[in-house]
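Going by this note's numbering, the first residue of the sequence shown is number 91, and it counts up by one from there.
Below is one structure; the comments refer to it alone.
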Amino acid sequence: MKKFRKVLDGLTTSSPVNAGGSPACGSAAGTPTAAPTPRELDIQETLMSEHFQICKTVRHGFPYQPTALTFDPVQKILAIGSRSGGVRILGRPGVDCFCQHESGAAVLQLQFLINEGALVTACADDTLHLWNLRQRRPAILHSLKFNRERITFCHLPFQSKWLYVGTERGNTHIVNVESFILSGYVIMWNKAIELSTKTHPGPIVHLSDSPKDEGKLLIGFESGTIVMWDLRSKRADFRIYYDEAIHSVSWHHEGRQFMCSHSDGSLSMWNLRNTAKPFQVTFPHGKSQRDGRKESCKPILKVEYKTCRNSESFVIFSGGLSYDKAGRRPTLTIMHGKAITVLEMDHPIVEFLVLCETPYLNEVQEPYAAVVLLEKDLIVVDLTQSSFPIFENPYPMDIHESPVTCTAYFADCPPDIIPVLYSIGAKHKKTGYSHKEWPVSGGTWTVGSQSYPEIIITGHADGSIKFWDATAITLQMLYKLKTSKVFEKPKGSETARGAELVEEDPYAVQMVSWCPQSRIFCVVGISAHIILYCFSRHDSNTAITSLEVRLQCEVEDVISPSDTENAVCLMDAGGHSPQPPSPRGNTPDGARDGARDSIPCLKVKDRVIRMPPGYQAELVVQLLWVDGEPPQQITSLDLNSAYGLLALGNCNGLVVVDYLQKTIILCMTTLELYGSADPFQRLTRSPRKNRQSTSEFCMRGLSNFYSDSKKRIRTSYQSLTELSDNQVSLDQERSKSPTSESRENSFSRSRSSSVSSIDRDTKEAVTTLHFAESYGRRSDVLPAPCLWVGTSLGLVLIVPMSIPTDEQERMEEPVTIAPTSTVLMLKGSVLRFSFLDCTGGLIHSPHEAWRDTHAPDDPERPRRRRLVNFSPCFSQEAGGDGHLAVVCSERQAKVFFMPSQACLYVHNITESSFVLRADVVAISNISNSVCLACFCANGHIMILSLPSLRPLLDVHYLPLTDMRIARTFCFTNGGQALYLSSPTEIQRITYSQEMCDNLQEMLGELFTPTDTPEAQNRGFLKGFFGGNTQTFDREELFGEAAAGKASRSLAQHIPGQGSVEGVRAAAGGAVGELARARIALDERGQRLGELEERTALMMASAETFSKHAHELMLKCKDKKWYQF
């Protein structure tokens, strides 16, 4: 059989093949195609389906649309709830956990069971949830769904298992947090207020027990009514009817007085001895007017009244500013004695908490910090210093400082790159922070065994670039780069003219390309510009070279099948010849103000600039306006440090730049690249009729998209909009509107490889580029530098290049490029290229080792270019064997053998959707572990083996609800991926089974066993004269024996997935047994921990008893019986 196959191989190599190199008929996935292979490949694929599993690892960034905040003063951990039902739990750096309610209902309030390792969440769907935090992945133990009443406020006293729940109807219910069963004890609103009251007091906005007597519950109603309810006698001790609505209440630690904040911007102080009227009413920000009345102020939404042992008390509140000062920023006011400090915030305040030294409400509080949750930030204020500085936030909460427009993820980077970036970025950090340690220091975290250097790069709407250290599932900013510093700021009339060119965000980053080995970095901006940066540890004074490119396609947008194999394509030669760089300043002002032509969108600084250490701009490439039409956005980019070349493409054509010599070596339309091998026949363009629409496609402000998801950003060859629930297939869409581009309610934009179904108004854009050592022609024997070009019509072109190998010649001799007639075809727009050797290993692109060009000259060690994997390194034996080319498009993936260009394998990835992102990645823990990872618009993540393209994984991971995910989703090596889950958060996931198994040891522990601080001894005299804090047994009042059972129709108990009941309800087969076993182990470990604590307490108690007994024995040893 092998001999017969070799004979067929010989016939295949000698016989002509079609231009696309694709088989005559399709084949099933994972099997060789009908075209015989050119040689016998013996590749042992090691990856199997059991090596893959999708799992979320960690979420970075600021919680999007936060709603609630709470803090555990003993465990020192912080929890933030959000409008989408998410809960972020934060501790020391590395301790960061994200939980999500399945219902997606907004989180109204959070309550820690202090030092118990549990959290209660109250959601907008009137459901209470109990989370178990004693495991690295918190799970819901119990849920309680209220059926007839809406939850408005919750309160859980310290060291109590009874949760008070206030409702919109004004009733107060009591829930046992251990069993999550409703008590029969209910405080009805009509019992709390006087019978003579004719109006409803409104929803409950506050609940708290008296610091002096736990048997007294203070109930605050929205209308201004306050009731002190005696839980034992089931009656009201006193009632307060105030004219202004109440927003919050805060107790003095002695329990004799409390403070209320009101809707008119006032603070009222009440004494329990006289509740007829407040003994003090203040308007902190209200000035007296001429008529003696206070000016109207905004509501004070929350107030905290905290006492200090050695200084005046703190009164801290949010809001309360006067209405007459429009445009004032939100404020947090700190009143310490007679001193009033107003802290202005950049964003509206959602919630704030005051952190105190003691968890006991009846002790002097000693506040030391205030945590302020803003709509888009989290800050902590140091209250121990008179200047009230803020703490430096160790969490990456500023990812969204400017809207994120693109991301890149690099795993297993060179180990020296992270320390270098950090050392340079640390020089530009802000100062003025508090010198004390970050107060949220709970939990434990250690670097796992599987840690390797990882870097995440984010591009932003303001043109800034941020490098993040993502090693070991943490995130820390290393270095920030501002691309806007390369350009001149518009002045005067230029501002209006610039506004016409780009609506806003002219420096917004569209894509980045980074070579970690050579440290060459390239940025593509929305204004059709590219900036190339080189890394240096030394500052320099250099001028930035600017190249301006005139690239315009004059071909009619009508594409039809070529009738003959070598049909000549008609085109307007005037718009296709490569253009030399246009010198700046040649265009008169009149031409600029009239029909713009040959001018860039931005002006590069044309003087010598001092550049600090780090990334320094070397070259700027800009596309020019042509005949009044703005340049089309750049859709593809690749750079190669070994070749010293940079390639870019858009819907008009391809440009190749030699960044070493700083010259343009190729500027051609896509049509010119085909030559006579063009598989389509294009007609010349008649007088332009779509100039306005083309201009309209040019640029959109990227930040507008993130503020309003309905606004779209269009590129020149695609329009990605919100994904509708009912995706219309491409054929149906074309049958409805064959020539229109208004696919507003569909995210489907894939194109069929059938020429007859191509949209008439679709330009052929260059969608992907890749420099590689490959074969440009079938007759080639050895690999040579090539540029692989993929287009939006599914065509692949191979452009061989001739690059001088000697360093001196490379800087003087030109690089020659000779496009060939090699054309390969796929279905849909081409997304990714990659190359494998004949053993199935990944072939890395050649690169240059990093050298600091601005370092002081050393005559003993001259700086010479050191190239890695460059073609001269290829031996005759290694290079002559050929290699495999992996090409992935929106619809299918193909593996070609080079240089014969025969298609070995083909797999149709999807028919009903299309691929948004495809990457060839390596799973590092397995030898020869290369696979193709794809993310589709229908939310599926697919893994295909290489080179056979066998499906290994197909999981419906998440529905694509907006373009943010499409623009930011990316895979990387080591089985990891990321995407922007919200405008402020990055979600990292893994598709590796091994990483899923080891995730538990990589995550931090939220709960650490800690002794609860003992309550202070008040002393005999203070207790006798001041009244001791009274305690009582809540079980006697709220238990089933005393209060009875609550009505079943009032609330429904739902077992959680983290409880045994939930497991039994959801268990089925082996999975259920495993889940039950895991939960049983967790509960057994928890019981063992509790047993150990009780044993320790018993031992301590026994030692104390033994000590007292021994002392008593010594005291009574010599006494006679009558002396007792």
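The beta carbon of each residue, even a glycine, is placed where N, CA and C say it ideally should be.
Residues bridged to residue i (per DSSP)
| i | result |
| --- | --- |
| Met-701 | Ser-630 |
| Tyr-623 | Phe-611, Ala-707 |
| Cys-63 | Beyond the ends of the chain as shown, which are 91 and 1214, falls residue 63; an answer cannot be given. |
| Lys-556 | Thr-548, Lys-570 |
| Ile-1079 | Lys-146, Ala-1067 |
| Val-599 | Gly-615 |
| Val-745 | Leu-738, Cys-757 |
| Asp-1044 | Met-1032 |
Backbone CA spacing between residue i and residue j [nearest angstrom]
| i | j | result |
| --- | --- | --- |
| Ser-524 | His-619 | 41 Å |
| Trp-252 | Gly-355 | 33 Å |
| Ala-992 | Gln-723 | 34 Å |
| Glu-268 | Met-601 | 52 Å |
| Ser-541 | Ala-562 | 5 Å |
| His-290 | Arg-419 | 35 Å |
| Ala-1067 | Met-1085 | 12 Å |
| Ile-330 | Cys-350 | 12 Å |
| Tyr-995 | Leu-1096 | 48 Å |
| His-426 | Leu-357 | 15 Å |
| Met-567 | Pro-690 | 33 Å |
| Ile-616 | Glu-135 | 42 Å |
| Ile-755 | Tyr-733 | 13 Å |
| Gly-1129 | Thr-1102 | 26 Å |
| Pro-183 | Ser-1072 | 22 Å |
| Phe-611 | Cys-605 | 6 Å |
| Tyr-40 | Leu-297 | The structure shown does not extend to residue 40, since the chain is modelled only from 91 through 1214, so no value can be given for it. |
| Asp-849 | Phe-861 | Bear in mind that the predicted position of Asp-849 carries a pLDDT of just 40, short of 50, making it unreliable; the figure below should be weighed with that in mind. One C-alpha to the other measures close to 30 Å. |
| Asn-1088 | Asp-320 | 53 Å |
| Gly-176 | Ile-489 | 18 Å |
| Thr-1051 | Gly-1029 | 9 Å |
CB contact flag (residue i, residue j, <8 Å)
| i | j | result |
| --- | --- | --- |
| Val-698 | Asn-631 | yes |
| Glu-465 | Leu-159 | no |
| Val-164 | Asn-222 | no |
| Tyr-1081 | Gly-1065 | yes |
| Val-197 | Cys-187 | no |
| Lys-693 | Glu-594 | no |
| Pro-374 | His-337 | no |
| Leu-1042 | Ser-139 | yes |
| Val-905 | Ile-888 | no |
| Asn-1063 | Asp-502 | yes |
| Leu-511 | Phe-481 | no |
| Ala-229 | Gly-1094 | no |
| Ile-144 | Val-1045 | yes |
| Ala-335 | Glu-312 | yes |
Endpoints, the beta strand (DSSP E) within which residue i is located
| i | result |
| --- | --- |
| Thr-472 | Looking at the sequence shown, residue 472 is not Thr but Asp. That run of the beta strand (DSSP E) goes 468-472. |
| Arg-149 | 142-151 |
| Ser-513 | Here Ser-513 belongs to no beta strand (DSSP E); instead the alpha helix (DSSP H) covers 507-515. |
| Phe-348 | 347-352 |
| Gln-199 | 197-203 |
Burial state of residue i, where buried means 16 or more other Cβ atoms lie within 10 Å
| i | result |
| --- | --- |
| Cys-189 | buried |
| Asn-730 | buried |
| Lys-392 | buried |
| Pro-505 | exposed |
| Cys-1206 | exposed |
| Ala-498 | buried |
| Ile-316 | buried |
| Ser-132 | Note that residue 132 is Asp in the sequence shown, not Ser. Exposed: under 16 other Cβ atoms inside 10 Å. |
| Ser-844 | Caution applies to Ser-844, whose pLDDT of 33 falls short of 50 and renders its modelled position unreliable; the value that the coordinates give is listed next. So Ser-844 counts as exposed. |
Bounding residues of the alpha helix (DSSP H) (the contiguous stretch that carries residue i)
| i | result |
| --- | --- |
| Cys-1086 | 1083-1092 |
| Trp-279 | 279-282 |
| Ala-1133 | 1130-1133 |
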